[in-house]
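K.L.:
The structure's right below; bear with me while I get my questions together.
In our numbering, the protein residues as written are 12 to 97.
Have a look at this one:
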């Protein structure tokens, strides 16, 4: 598979299965959920997002490739911020 074919295949999966196509996502953005459902979604989303920097740090701690670590440190800073940022 060529790089262009791989990209086309990935984009096709994304067009069909991206999270915005999920029934829950459509209900959420369509205003069809009750307060408790939105609160449960928000809590789940917070727990997931707050774990991302720790997951990235664990990945970096096992990476032997310096270039990969340098790339991933930007991802951690995007999620966690840096000194003086919230």
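Backbone N, C-alpha and C fix where the C-beta goes; we use that ideal spot for every residue, glycine too.
Quick caveat, the model's predicted, so the values are computed rather than measured.
(1) With distances taken between CB atoms, is the gap from residue 80 to residue 87 smaller than 8 Å?
(2) How long is the line joining the alpha carbons of residue 57 and residue 63, rounded to whole angstroms?
(3) I'd like to know whether the C-beta atoms of residue 2 and residue 83 end up nearer to each other than 8 Å.
(4) Report the option in 19, 90 and 76 whose CA atom is closest to the CA atom of residue 59.
(5) Go to residue 93, then tell me how far its alpha helix (DSSP H) extends in each direction, as first and last residue.
P.N.:
According to the data block:
(1) no
(2) 10 Å
(3) Since the first residue shown for the chain is 12 and the last is 97, residue 2 is missing from the structure and cannot be characterised.
(4) 90
(5) Unbroken run through residue 93: none, as it is neither H nor E.
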